[in-house]
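Per UniProt numbering, the sequence shown starts with residue 1, numbered consecutively.
Ideal placement from N, C-alpha and C gives every residue a C-beta, glycine not left out.
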Amino acid sequence: MAVLTLPDGELYYEVHGSGPPLVFAHGLGGGFLSWWQQVPHFRKRFSCVVFSHRGFAPSRDTGGLGPRKFVDDLDALLQHLHIDDVRLVGQSMGGWSCLGYALRRPEKVRGLVMACTTGQVTTPEIDAAINRLRGRATAAFMKGVHPAAGERMVRDQPAMHELYRGMDVLGAADKRAIRDVLLDMRTVTARDLEGFTVPTLCMTSDEDFVCAPDSVAHLARMLVGGRFVKVPETGHSIYWERPAVFNQLVDEFLDSIE
Numbered sequence: 001m002a003v004l005t006l007p008d009g010e011l012y013y014e015v016h017g018s019g020p021p022l023v024f025a026h027g028l029g030g031g032f033l034s035w036w037q038q039v040p041h042f043r044k045r046f047s048c049v050v051f052s053h054r055g056f057a058p059s060r061d062t063g064g065l066g067p068r069k070f071v072d073d074l075d076a077l078l079q080h081l082h083i084d085d086v087r088l089v090g091q092s093m094g095g096w097s098c099l100g101y102a103l104r105r106p107e108k109v110r111g112l113v114m115a116c117t118t119g120q121v122t123t124p125e126i127d128a129a130i131n132r133l134r135g136r137a138t139a140a141f142m143k144g145v146h147p148a149a150g151e152r153m154v155r156d157q158p159a160m161h162e163l164y165r166g167m168d169v170l171g172a173a174d175k176r177a178i179r180d181v182l183l184d185m186r187t188v189t190a191r192d193l194e195g196f197t198v199p200t201l202c203m204t205s206d207e208d209f210v211c212a213p214d215s216v217a218h219l220a221r222m223l224v225g226g227r228f229v230k231v232p233e234t235g236h237s238i239y240w241e242r243p244a245v246f247n248q249l250v251d252e253f254l255d256s257i258e
């Protein structure tokens with residue numbers, strides 16, 4: 001447990017286990033604790049790094065710069081930990097951080113997992129898929145369903161839904177403002193991805209109405225090293241709702257790139 005002091009904030013992080021570095025970046029509804037079902041599994045053979053993005057407790061964003069500094073922060077953290085050969089796992093919002101870092105320093109990234117996210121990528125196909133979901137999150141909230149969990153979790157795993165909801169409350173204060181900035185940051189085009197050869201697992205689920213499954217499939221097709229998998233009967237947070245499946249898929253991907 002440690003804090004990295006930044007010029008305009010603080011980044012809380014933890015390192016667990018030993019072995020090749022494996023870094024997890026959480027989504028909008030989470031924090032460093034989001035990965036409580038992954039760390040015990042992966043720390044047996046990896047040095048697992050978890051952190052809270054700036055503005056997400058207990059990290060701090062004294063400069064008020066928000067997501068626009070996420071890639072800089074991840075870069076600073078990896079330099080601080082002397083990591084130059086990393087495997088990245090980004091969930092939803094965390095995809096902005098991980099893909100952004102991989103585009104900036106591809107020579108340092110052994111592999112990338114984009115879980116229920118297309119990060120900052122924009123294409124007509126991805127944009128159309130995103131637009132088809134407009135209003136679904138609001139409708140879910142009105143029914144008492146957290147969009148990142150989904151109706152199936154409420155029905156089948158009510159305790160896990162309540163835990164997720166509580167963790168979300170403990171995170172950043174203004175989620176709407178953060179979401180707006182993330183959407184505004186979607187500026188990476190197909191041309192920007194030309195020549196990007198980092199092996200990338202693009203993972204989605206058939207009941208995700210936060211990040212359209214079709215958009216994740218399209219991202220995988222765009223990438224030279226892209227691989228695609230869809231998990232059935234699962235919402236936006238595979239890592240949370242189906243941890244054994246998520247861990248196995250990531251394990252298989254990591255084994256394939258070593």
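With respect to the 8 Å criterion, residue 164 and residue 38 are not classified as neighbours on the basis of their beta carbons. Within its own chain, the residues whose Cβ lies closer than 6 Å to the Cβ of residue 203, once the five positions on either side in sequence are excluded, are 115, 229, listed in chain order. Annotation for residue 105: 75 place their beta carbon closer than 8 Å to its own, counting only its chain and skipping 5 residues before and after. For residue 16, the enclosing beta strand (DSSP E) begins and ends at 9-16. Residue 96 and residue 66 have their C-alpha atoms spaced approximately 12 Å apart. Taking a cut-off of 8 Å on C-beta distances, the stretch 142-162 does not touch the stretch 40-51, as fewer than three cross pairs fall below it. The alpha-carbon of residue 248 is positioned some 31 Å away from that of residue 3. For residue 209, the secondary structure class from DSSP, reduced to helix, strand or coil, is coil. By the neighbour-count criterion, in which a residue is buried when 16 or more other Cβ atoms sit within 10 angstroms of its Cβ, residue 244 is exposed.
A check of alpha carbon separations from residue 7 across 199, 177, 56, 73 identifies 73 as the nearest. Residue 189 and residue 123 have their C-alpha atoms roughly 6 Å apart. For residue 228, the enclosing beta strand (DSSP E) covers residues 226-231.
Counted as a single uninterrupted DSSP element, the stretch harbouring residue 110 is not any alpha helix (DSSP H) but the beta strand (DSSP E) occupying residues 109-115. Of 32, 212, 48, 198, the smallest CA-CA separation from residue 58 is found for 32. A direct Cα-to-Cα measurement between residue 175 and residue 169 gives close to 10 Å. Along the length of the stretch 44-116, whole beta strand (DSSP E) runs at least 3 residues long occupy 47-51, 86-91, 109-115, reported in chain order.
Per DSSP, the unbroken beta strand (DSSP E) holding residue 21 starts and ends at 21-25. In this structure residue 213 is buried. Its beta-carbon is surrounded by 16 or more other beta-carbon atoms within 10 angstroms.
When DSSP states are grouped into helix, strand and coil, residue 154 belongs to the helix group.
Restricting attention to 139, 140, 117, the CA atom closest to the CA of residue 129 is found in 117.
Assignment of residue 139 by DSSP, reduced to helix, strand and coil, places it in the helix class. With respect to residue 28, residue 186 sits apart: the two C-beta atoms are not nearer than 8 Å.
The criterion of a C-beta distance shorter than 8 Å is not satisfied by residue 50 and residue 86.
About 5 Å separates the Cβ atoms of residue 235 and residue 207, confirming a contact at the 8 Å cut-off.
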